[in-house]
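Those letters in the sequence shown? Residues 1 to 136, per the working numbering, in order.
We put the beta carbon where it would ideally sit given N, CA and C, even for glycine.
For clarity, every value in this text was computed on a predicted model and none was experimentally measured.
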Amino acid sequence: LRVAYWSPLCAFAIITIALYVRLMLLIYKKRASPQFNTFFYKMFVTAGIFDLISIFWYISAQWTYVDQVFGARFLLTLNHDNIPNLCYYYIYYFLYAQIFVILLISANRLIAIHSPQSAVLKSCDSFPLLLLLIAT
């Protein structure tokens, strides 16, 4: 295990996970209020879910494949040739999902600044969170 590499990374990951979970719980508790029931906060939660999954995936893939924490025998039982393919598909899907969410948040902020009373904003605010997760 590369201690010099993992010490700051895990410290940063723990802080990030704690902040993300705290913010997402806060938004979830206040979702009934009109201020927090907007497209921006729904996309923030969507981005948070993708980011949290990405953190866990990255750490587990690095520990398993690069650092071989579980040993080479574990990799052989997993057919280790498939792990890079799984990582590629994961990165392909989640990277594009995160980029898509960031573009939607940016477009939402742009429309909110240029025309705050826009019908587009009002219609986007009515999207259910589950629909946004599935569409992303």
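- The stretch 108 to 128 makes no contact with the stretch 80 to 90: fewer than 3 CB pairs, one atom from each, lie closer than 8 Å.
- Straight-line measurement puts the Cα of residue 98 at about 8 Å from the Cα of residue 51.
- Pairwise C-beta distances place the stretch 59 to 76 out of contact with the stretch 39 to 48, as fewer than three of them are shorter than 8 Å.
- Separation of the CB atoms of residue 125 and residue 12 is rounded to 33 Å, and the pair is thereby denied contact status at 8 Å.
- A residue is called buried when at least 16 other Cβ atoms come within 10 angstroms of its Cβ; residue 66 does not meet this threshold and is exposed.
- DSSP places residue 98 in the uninterrupted alpha helix (DSSP H) bounded by 82 to 114.
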